[in-house]
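Take a look at the structure below.
Number of protein chains: 2
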Amino acid sequence: MNPLAVALGDPAGIGPEIVAKAWLARVARSIPPFFAVGDARSIGAVWDGPTIRISEPAEAARFFADALPVIEVEDAGDIVPGQPNTPGARCSLDSLELAAGLARSGAAGGLVTGPVSKAQLYSVGFTHPGQTEFVAERCGISADNVAMMLAGPTLRTVPITTHVPLRDVADMLTIELILSKVRATERGLVRNFGIASPRLAIAGLNPHAGEQGALGREEIEIIAPAVEIARAEGINIIGPLPADTMFHARARDRYDAALCLYHDQALIPLKALHFDEGVNMTLGLPIVRTAPDHGTAFEIAGQNRADPGAMIAAIELAAYCAAIRALP
Amino acid sequence: MNPLAVALGDPAGIGPEIVAKAWLARVARSIPPFFAVGDARSIGAVWDGPTIRISEPAEAARFFADALPVIEVEDAGDIVPGQPNTPGARCSLDSLELAAGLARSGAAGGLVTGPVSKAQLYSVGFTHPGQTEFVAERCGISADNVAMMLAGPTLRTVPITTHVPLRDVADMLTIELILSKVRATERGLVRNFGIASPRLAIAGLNPHAGEQGALGREEIEIIAPAVEIARAEGINIIGPLPADTMFHARARDRYDAALCLYHDQALIPLKALHFDEGVNMTLGLPIVRTAPDHGTAFEIAGQNRADPGAMIAAIELAAYCAAIRALP
Chain A
96 MNPLAVALGD
106 PAGIGPEIVA
116 KAWLARVARS
126 IPPFFAVGDA
136 RSIGAVWDGP
146 TIRISEPAEA
156 ARFFADALPV
166 IEVEDAGDIV
176 PGQPNTPGAR
186 CSLDSLELAA
196 GLARSGAAGG
206 LVTGPVSKAQ
216 LYSVGFTHPG
226 QTEFVAERCG
236 ISADNVAMML
246 AGPTLRTVPI
256 TTHVPLRDVA
266 DMLTIELILS
276 KVRATERGLV
286 RNFGIASPRL
296 AIAGLNPHAG
306 EQGALGREEI
316 EIIAPAVEIA
326 RAEGINIIGP
336 LPADTMFHAR
346 ARDRYDAALC
356 LYHDQALIPL
366 KALHFDEGVN
376 MTLGLPIVRT
386 APDHGTAFEI
396 AGQNRADPGA
406 MIAAIELAAY
416 CAAIRALP
Chain B
96 MNPLAVALGD
106 PAGIGPEIVA
116 KAWLARVARS
126 IPPFFAVGDA
136 RSIGAVWDGP
146 TIRISEPAEA
156 ARFFADALPV
166 IEVEDAGDIV
176 PGQPNTPGAR
186 CSLDSLELAA
196 GLARSGAAGG
206 LVTGPVSKAQ
216 LYSVGFTHPG
226 QTEFVAERCG
236 ISADNVAMML
246 AGPTLRTVPI
256 TTHVPLRDVA
266 DMLTIELILS
276 KVRATERGLV
286 RNFGIASPRL
296 AIAGLNPHAG
306 EQGALGREEI
316 EIIAPAVEIA
326 RAEGINIIGP
336 LPADTMFHAR
346 ARDRYDAALC
356 LYHDQALIPL
366 KALHFDEGVN
376 MTLGLPIVRT
386 APDHGTAFEI
396 AGQNRADPGA
406 MIAAIELAAY
416 CAAIRALP
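These protein sequences, in sequence, are chains A and B.
Mapping of the first sequence onto the working numbering: residues 96 to 423, in sequence order.
Mapping of the second sequence onto the working numbering: residues 96 to 423, in sequence order.
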């Protein structure tokens, strides 16, 4: 397996610090070789450990035991941890583009993306809703056909709608939207996790999954019909299930991933159970792509307070999935 | 403290079995005296342990060590576990009425209610949305001024709206509704838990609590103004907080109860963390009232498969709160 490309994210955020801390954990956690992509000065600003500049992903394995390998992108301008600026945003975008390209070419075994500031990215002309959609486009995949999966040690969830007001969720749900996410989730579990016959579950939208229509009709009119079509395609999926009783330990044993109708339905259980280990993974791409499930945390950048747990989990999951994909 | 009254719920559900199992755990769990209210035959149908008929709550303490005390209500007709019928529904309603009256008079130290079938109750003329509203009315309290709290060992949540379709939630939220639940929650924590200065948190409705209006405006227009008014009244409340990051262990340490905007926002984290120990407690009543946070489970009634964990937790919590209220 080729080394993973880890884009540092915004140079003024906690990305450089948690990538460095992930490298420090390489022996204790048996982390396979990876290399950072970004401005090496952003690492030096928050960490005094060894880095080494490389120009090819293949060099990473040779140096990884002794120093954190970095493939440099353009100068990020003045780097002050906690104080994002325009050159830094441009650098984070260039890092993402380069790292995604290396993964797309196969030179990198997979892509891990550090946290960026969307507000900053928009100021330098970024037009995608987030890194996920950008990476999908660079891979030639429509955003409709990828799915965001949140993965922790005992739960995987896939939100069918994401960053929209709660009052708009019910009207956004369609049979076709649900089916596209169900299909992407099933394919993603096969390809990335090596699960031959993934077991899916889908939540209801309303309390008690609508109680046969008494508490809402989306289960009857949209979700159940989508489930029927998916089953006819051979997909193993149960539901719609009452959302409140599907996330405890015994219930989680029944499925490999839970499809949820809205952001917080997917994120509340994941973060309640696995706050420091949540990984955001994009399903439906030709490459492995993961990210820690948190933001830039500018308010603690440069203070050596950032917890690298989610970044380590993102790297470990990317390595795991890349190894599965590399199987003959 | 006077013994607790435990209404058996529907005689064909798992109520009788889990009340009997709770009595069996009285020594191991140091459960203080309680008595069942219902048809003793519903216990005999699923359990061969000792019961004793009593006519006054005060007798319960004398017999509790050796037998499960029962205050009888009318004959529930033919009792077949798993097969609810009209006489059984009437019996469950009479049991609730009697147990609530004994708690209201002070003869019982508090009220614990077993699971009932709402569909069955409606068939015998029950017109309340649930047991909570019935008990509130019998206590002379408007349903607007009580709050349903879900309590587990490390989390308490209060849903501000409950059994309504998700698409209707946003339009149901008003500053006044939120304030009435905030006030009931604060008073309830003081009276039932002896917390002198309760720390409350309230969730946002939209992803990331609306991101300053970009993902919804209810936080700005309704929730934050309600929080401001509550603070001006001296209530210690934080929020609106992003719902996905307020339920992990460190976040839960910051508050004594979390107010949530809709059913699943409150129930998903509670049941993900504390599925077998979730207690439904009514705040704002002159009496202590708790219930296990699950239904009649007709499908497993009479098979000795019901887990009494939530019933035991409900009895323990009622005893704890009754003892707090009895302090001078």
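Positions of the beta carbon are idealized from the N, C-alpha and C atoms, including for glycine.
**Request:** Tell me whether G379 of chain A is buried or exposed, calling it buried when 16 or more other Cβ atoms sit within 10 Å of its Cβ.
**Result:** It counts as buried.
**Asked** If you measure from the beta carbon of E306 of chain A to each beta carbon in chain B, is any gap under 9 Å?
**Response** Yes, E306 of chain A counts as interfacial toward chain B.
**Prompt:** What are the boundary residues of the beta strand (DSSP E) that includes E167 of chain B?
**Reply:** Per DSSP, the unbroken beta strand (DSSP E) holding E167 of chain B starts and ends at 163-167.
**Item:** Rounded separation between M376 of chain A and L362 of chain B - CA only
**Value:** So the two alpha carbons sit approximately 26 Å from each other.
**Prompt:** Under a CB-based cut-off of 9 Å, is T391 of chain A close to chain B?
**Reply:** The Cβ of T391 of chain A sits no closer than 9 Å to any Cβ of chain B.
**Prompt:** Got a sec: is the Cβ-Cβ distance from I332 of chain B to anything in chain A below 9 Å?
**Reply:** By the rule that beta-carbons nearer than 9 Å mark a contact, I332 of chain B does not touch chain A.
**Message:** Which residues of the segment 336-370 of chain A have a Cβ closer than 7 Å to any Cβ of chain B? Give them in chain order.
**Reply:** Here the close residues are A338, D339, T340, F342, H343, H358, D359, Q360, L362, I363, P364, K366, A367, L368, F370.
**Prompt:** Which residues of chain B have a Cβ atom closer than 7 Å to the Cβ of H258 of chain A, listed in chain order?
**Reply:** Ordered by position in chain B, the residues that pass the 7 Å Cβ test against H258 of chain A are P302, L310.
**CB of I395 of chain A within 9 Å of CB of N287 of chain A, strictly** = Contact: no.
**Item:** Contact set between L216 of chain A and chain B, taken where Cβ atoms lie within less than 8 Å
**Value:** Below the 8 Å Cβ cutoff, chain B contributes no neighbours of L216 of chain A, its closest Cβ being approximately 15 Å away.
**Message:** Considering just the uninterrupted stretch of the beta strand (DSSP E) at F288 of chain A, what are its terminal residues?
**Reply:** From DSSP, F288 of chain A is part of no beta strand (DSSP E) but of the alpha helix (DSSP H) over 270-288.
**Item:** Under 9 Å between C-beta atoms of L99 of chain A and L206 of chain A
**Value:** In contact: L99 of chain A and L206 of chain A (Cβ atoms closer than 9 Å).
**Message:** Among A:N301, A:V101, A:T257, A:E112, whose alpha-carbon lies nearest the alpha-carbon of E316 of chain A?
**Reply:** The shortest CA-to-CA distance from E316 of chain A to any of A:N301, A:V101, A:T257, A:E112 is the one to A:N301.
**Asked** If you measure from the beta carbon of A408 of chain B to each beta carbon in chain A, is any gap under 9 Å?
**Response** With respect to chain A, the C-beta atom of A408 of chain B has no partner C-beta closer than 9 Å.
**Request:** Report yes if the CB atom of A162 of chain A is closer than 9 Å to the CB atom of G144 of chain A, and no otherwise.
**Result:** Yes. Within cutoff.
**Request:** Would you list the one or two residues that DSSP bridges to G133 of chain B?
**Result:** Looking at the DSSP assignment, G133 of chain B forms a beta bridge with B:E167.
**Min CB distance D161 of chain B to chain A below 9 Å** = It does not; no Cβ of chain A falls within 9 Å.
**Request:** Take Q178 of chain B as the anchor and find which of B:A160, B:S212, B:E151 has the nearest alpha-carbon.
**Result:** Check the Cα spacing between Q178 of chain B and each of B:A160, B:S212, B:E151: the tightest is with B:S212.
**Prompt:** If you count every other CB in all the chains shown that lies within 10 Å of the CB of S200 of chain A, and 16 or more means buried, which is it?
**Reply:** So S200 of chain A ends up on the exposed side.
**Prompt:** G209 of chain B and L103 of chain B look like a contact to me (Cβ under 8 Å); what is the Cβ gap, rounded to whole Å?
**Reply:** Confirmed, Cβ separation roughly 5 Å.
**Asked** Does the beta-carbon of D105 of chain B have 16 or more other beta-carbons within 10 angstroms, so that it is buried, or is it exposed?
**Response** It is buried - the Cβ of D105 of chain B has at least 16 other Cβ atoms within 10 Å.
**Rounded separation between M341 of chain A and I333 of chain B - CA only** = For M341 of chain A and I333 of chain B, the distance between alpha carbons rounds to 29 Å.
**Request:** State yes or no: is the beta carbon of R262 of chain B nearer than 9 Å to at least one beta carbon in chain A?
**Result:** So yes, R262 of chain B belongs to the interface.
**Asked** To the nearest angstrom, how far is it from the Cα of V374 of chain B to the Cα of A246 of chain B?
**Response** Computed Cα separation, rounded: 5 Å.
**Item:** Alpha-carbon to alpha-carbon, H303 of chain A and A353 of chain B
**Value:** C-alpha separation (whole angstroms): 21 Å.
**Prompt:** Quick one: what does DSSP say C416 of chain B is sitting in, helix, strand or coil?
**Reply:** Helix, per DSSP.
**Message:** Beta-carbon within less than 6 Å of I113 of chain A's beta-carbon, same chain only, minus the 5 sequence neighbours each way: which residues are those?
**Reply:** Excluding sequence neighbours, I113 of chain A sits near A401, P403, M406.
**Request:** Just tell me which of A:S275, A:R262, A:N97 has its CA closest to the CA of I255 of chain A.
**Result:** Cα-wise, what sits closest to I255 of chain A is A:S275.
**Message:** Considering just the uninterrupted stretch of the alpha helix (DSSP H) at L191 of chain A, what are its terminal residues?
**Reply:** Here the alpha helix (DSSP H) through L191 of chain A covers 181-200.
**Message:** Counting only Cβ pairs nearer than 7 Å, list the residues of chain A close to A265 of chain B.
**Reply:** Here the neighbours are L261, R262.
**Message:** For V383 of chain A and F229 of chain A, I'd like the C-alpha separation in whole angstroms.
**Reply:** About 14 Å.
**Request:** Could you tell me which uninterrupted beta strand (DSSP E) segments, each at least 3 residues in length, are contained entirely in the segment 303-357 of chain A, listed from first to last along the chain?
**Result:** The qualifying runs are 331-336, 352-355.
**Message:** Spatial neighbours of S150 of chain B within its chain, please: C-beta separation below 8 Å, excluding the five flanking residues on both sides.
**Reply:** Cβ within range, chain order: I166.
**Asked** Would you say E479 of chain B faces chain A, with C-beta separation under 9 Å as the test?
**Response** What is shown of chain B runs 96 to 423, which leaves residue 479 of chain B out entirely.
**Message:** The beta strand (DSSP E) that contains P387 of chain B, what's its start and end?
**Reply:** For P387 of chain B, the enclosing beta strand (DSSP E) has its first and last residue at 384-387.
**Prompt:** Opposite T391 of chain B in the DSSP bridges: which residues?
**Reply:** Looking at the DSSP assignment, T391 of chain B forms no beta bridge with any residue, so it has no partner.
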